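At position 99 of the sequence shown (counting the first as 1) the number is 98 in numbering that gives the first Met the number 0, and the numbers step up by one without a gap.
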Amino acid sequence: MKKEIYFDHAATTTMWPRVQRVMEPYMQEKYMNASAHYDGAKQAKAAIEEAREKIAQMMDASPEEIYFTSGGSEADNWVIKSIAGEYKNKGIEIVTDTIEHHAVLNSCSFLEELGYSVSYVNPDEKGIVHPNAVAEAMGPKMNLVSIMYGNNEIGTIEPIEDICRLVHARGGLFHTDAVQAVGQIPVSLKKLSVDALSASAHKFHGPKGVGFLFVRKSVEIPSFIHGGSQEKGKRAGTENVAGIVGMAEALSISVNQMEKSMEYVSRLRDYMIGRILYECPDCRLNGSYNRLPGNVNISFADVEASTLLILLEESGICASAGSACNTGKSRLSHVIEAIRVPERYAPGTVRFTLGVENTRQEVDYTIRVLKESLYLLREL
Ligand SMILES: *Cc1c(COP(=O)(O)O)cnc(C)c1O
Numbered sequence: 000m001k002k003e004i005y006f007d008h009a010a011t012t013t014m015w016p017r018v019q020r021v022m023e024p025y026m027q028e029k030y031m032n033a034s035a036h037y038d039g040a041k042q043a044k045a046a047i048e049e050a051r052e053k054i055a056q057m058m059d060a061s062p063e064e065i066y067f068t069s070g071g072s073e074a075d076n077w078v079i080k081s082i083a084g085e086y087k088n089k090g091i092e093i094v095t096d097t098i099e100h101h102a103v104l105n106s107c108s109f110l111e112e113l114g115y116s117v118s119y120v121n122p123d124e125k126g127i128v129h130p131n132a133v134a135e136a137m138g139p140k141m142n143l144v145s146i147m148y149g150n151n152e153i154g155t156i157e158p159i160e161d162i163c164r165l166v167h168a169r170g171g172l173f174h175t176d177a178v179q180a181v182g183q184i185p186v187s188l189k190k191l192s193v194d195a196l197s198a199s200a201h202k203f204h205g206p207k208g209v210g211f212l213f214v215r216k217s218v219e220i221p222s223f224i225h226g227g228s229q230e231k232g233k234r235a236g237t238e239n240v241a242g243i244v245g246m247a248e249a250l251s252i253s254v255n256q257m258e259k260s261m262e263y264v265s266r267l268r269d270y271m272i273g274r275i276l277y278e279c280p281d282c283r284l285n286g287s288y289n290r291l292p293g294n295v296n297i298s299f300a301d302v303e304a305s306t307l308l309i310l311l312e313e314s315g316i317c318a319s320a321g322s323a324c325n326t327g328k329s330r331l332s333h334v335i336e337a338i339r340v341p342e343r344y345a346p347g348t349v350r351f352t353l354g355v356e357n358t359r360q361e362v363d364y365t366i367r368v369l370k371e372s373l374y375l376l377r378e379l
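Spelled out as structure tokens, the structure:
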């Protein structure tokens, strides 16, 4: 087998060796249940609280504002469903947009089935959700607005601070799914006034199956998983101690090297975008100028992404069409549909998401394979 070239960092990332090393003791000698009272258990409990403090510090938040979850999906489900339930009698309305991750979109459609009112704002053709469009969608009473920080498919970074200010001016609550932003670009909960934010460890070189929900002190969040008293009784269940410790380590590495990695990855991204647009006939870049450092989303005219991806894969290149959760289904990605990519281009949309371990040689090789594959497919 050829060495794999991994350009799918928006789907997941490799775990850093140091993260694995700090996790191992909590799967072996320090395995005790953090809720128990003997010494080993107290050590596990202390490790959880230390991780919470570390994460809070890196996010410019307080430890009591960080709740551990099983990942980004759970954090999104928790905040949307529980806030909706809490304010049901006040006639709460939910506002989101059409290019959210399915963890948000499907939580919202679940609420719609229960009778809630949900509005879906359309972004512009660059994938930008405009604050005035959000304002127009808001109802007269209580609103919960959920707009993502950075889009996982096309990389567009949303003007969430402006949206948040506007939502607060009208007495609403604001949540952002920051799963693609945390660990990739600077996120400060002092600078941002969001009420809630979701993050996931495996998107920043941490373990899978662990994430966190930030909830600002001023907001009372109802419990999501009922049971024991873990996470102040709001999210019951024996803690994933190793995962939590690993997440804190991964975030700390990401934050410490962020300036360097952002510079390196975005330069590699721009090099790749430049070469594709210049050397591959009939293609277009999706997303906005203000985009996530590693995101390259291109639509190639007159080809099917699924066949193009097979050819790339045969040459050892991992990329994706739309989001990972959409593969297997033949329909267009909801994001590509929402930003109105022309019919000739939309089915040929491929996403490359780059990370710090990628090199210029890998990009060069990929461009060569891409050019050959496009030539082949378009000749057929
Ligand atoms: C990956 C992702 C999620 C889901 O996170 P999990 O930890 O895999 O559940 C949610 N939102 C966005 C934007 C994502 O990219």
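Every residue gets a Cβ at the ideal spot worked out from N, C-alpha and C, and that includes glycine.
A quick note: this is a predicted structure, and the numbers were derived from the prediction, not measured.
Original post:
Mapping DSSP to helix, strand and coil, what is Phe351?
Top reply: If you number the sequence shown from 1, residue 351 lands on position 352. In this structure, Phe351 counts as strand in the three-state DSSP scheme.
**OP:** Tell me Arg290's beta-bridge partners as DSSP assigns them.
**Re:** Taking the first residue of the sequence shown as position 1, residue 290 is located at position 291. DSSP output for Arg290 lists Thr155 as bridge partner(s).
**OP:** Measure the alpha-carbon distance for Lys190 versus Asn88 and round it to whole angstroms.
**Re:** Along the sequence shown, read from residue 1 onward, the residue named residue 190 stands at position 191. Along the sequence shown, read from residue 1 onward, the residue named residue 88 stands at position 89. Annotation: Lys190 to Asn88 spans about 32 angstroms, alpha carbon to alpha carbon.
**OP:** Output yes or no for whether 7 angstroms exceeds the beta carbon distance between Ile79 and Asn285.
**Re:** Within the sequence shown, residue 79 is the residue found at index 80, counting from 1. Within the sequence shown, residue 285 is the residue found at index 286, counting from 1. Cβ atoms of Ile79 and Asn285: not closer than 7 angstroms.
**OP:** For Ile366, I'd like the list of residues in its chain whose CB is within less than 6 angstroms of its CB, leaving aside the five on either flank, ordered along the chain.
**Re:** Translated into positions along the sequence shown, residue 366 becomes position 367. Closer than 6 angstroms at Cβ, skipping near neighbours: Arg274.
Original post:
By Cβ distance, which residues of its chain are closer than 8 angstroms to Val368, with the 5 residues on each side in sequence left out?
Top reply: The sequence position of residue 368 within the sequence shown is 369, counting from 1. If the five residues before and after Val368 are omitted, its C-beta is found closer than 8 angstroms to the C-beta atoms of Leu310, Leu311, Ser314, Ile316, all from its own chain and listed in chain order.
**OP:** Could you have a look at Glu23 and say whether DSSP puts it in helix, strand or coil?
**Re:** Here residue 23 refers to the residue found at position 24 of the sequence shown. Look at Glu23 here: in three-state DSSP terms it is helix.
Original post:
Helix or strand or just coil, what does DSSP make of Asp7?
Top reply: For the purposes of this step, residue 7 is taken as residue 8 along the sequence shown, with counting starting at 1. In this structure, Asp7 counts as strand in the three-state DSSP scheme.
**OP:** Alpha carbon to alpha carbon, how far is Ser187 from His8? Give it in angstroms, no decimals.
**Re:** For the purposes of this step, residue 8 is taken as residue 9 along the sequence shown, with counting starting at 1. For the purposes of this step, residue 187 is taken as residue 188 along the sequence shown, with counting starting at 1. Computed Cα separation, rounded: 22 angstroms.
Original post:
From Gly182, His101, Lys140, pick the residue whose C-alpha is nearest to that of Gly170; which is it?
Top reply: The sequence position of residue 170 within the sequence shown is 171, counting from 1. Gly170 has its Cα closest to that of Lys140, out of Gly182, His101, Lys140.
Original post:
Can you tell me where the alpha helix (DSSP H) with Val103 in it begins and where it stops?
Top reply: What you label residue 103 is simply residue 104 of the sequence shown in a count that begins at 1. First-last of the alpha helix (DSSP H) with Val103: 101-112.
**OP:** Go ahead and pull the three-state DSSP assignment for Met0.
**Re:** Locating residue 0 in the sequence shown gives position 1, counting from the first residue. At Met0 the pLDDT is 47, less than 50, meaning the model places this residue with poor confidence; the figure from the coordinates comes in the next sentence. Correct three-state label for Met0: coil.
Original post:
Should Glu378 be labelled buried (16 or more other beta-carbon atoms within 10 Å of its own) or exposed?
Top reply: The count along the sequence shown starts at 1 and reaches residue 378 at position 379. Exposed: under 16 other Cβ atoms inside 10 Å.
**OP:** Could you pull out every residue in the same chain whose Cβ sits closer than 8 angstroms to the Cβ of Gln42, ignoring the five residues on either side in sequence?
**Re:** Residue numbering aside, residue 42 sits at position 43 when the sequence shown is read from its first letter. Same-chain partners within the cutoff: Lys29, Met31.
**OP:** Could you spell out where the beta strand (DSSP E) holding Ile65 opens and where it closes?
**Re:** As a first step, residue 65 is located in the sequence shown; it is residue number 66 there, counting from the start. Where Ile65 is concerned, the enclosing beta strand (DSSP E) starts and stops at 65-68.
Original post:
What does DSSP give as the partner residues of His174 in its beta bridges?
Top reply: The residue labelled residue 174 in the question sits at position 175 within the sequence shown. Answer is Ser145, Ala195, bridged to His174.
Original post:
With DSSP run on the structure shown, which of helix, strand or coil describes Val117?
Top reply: Your numbering for residue 117 matches position 118 in the sequence shown. DSSP places Val117 in the strand class (E or B) of the three-state scheme.
**OP:** Check whether the Cβ atoms of Leu143 and Thr175 sit closer than 7 angstroms, and answer yes or no.
**Re:** For the purposes of this step, residue 143 is taken as residue 144 along the sequence shown, with counting starting at 1. For the purposes of this step, residue 175 is taken as residue 176 along the sequence shown, with counting starting at 1. No, Cβ-Cβ distance for Leu143 and Thr175 is not below 7 angstroms.
Original post:
If you measure from the CB of Ala318, is any heavy atom of ligand 1 nearer than 6 angstroms?
Top reply: In the sequence shown, counting from the first residue as 1, residue 318 sits at position 319. False, no ligand heavy atom lies under 6 angstroms from that Cβ.
Original post:
With a CB to CB cut of under 6 angstroms and the five nearest residues on each side skipped, what residues in its chain are close to Pro62?
Top reply: To locate residue 62, count along the sequence shown from 1; it is residue 63. Within the same chain, Cβ atoms closer than 6 angstroms to the Cβ of Pro62 are found at Arg51, Glu52, Ala55, the five residues on either side in sequence being excluded.
**OP:** State yes or no: is the C-beta of His8 nearer than 6 angstroms to some heavy atom of ligand 1?
**Re:** Translated into the one-based positions of the sequence shown, residue 8 becomes position 9. It does not: the Cβ of His8 is nowhere closer than 6 angstroms to a heavy atom of ligand 1.
Original post:
What do you reckon, is the C-beta of His419 under 6 angstroms from a heavy atom of ligand 1?
Top reply: Only positions 0 to 379 of the chain appear in the structure, and residue 419 is not among them; the question remains open.
Subject >> Where Leu379 sits in the DSSP three-state scheme >> reply: Along the sequence shown, read from residue 1 onward, the residue named residue 379 stands at position 380. Coil, per DSSP.
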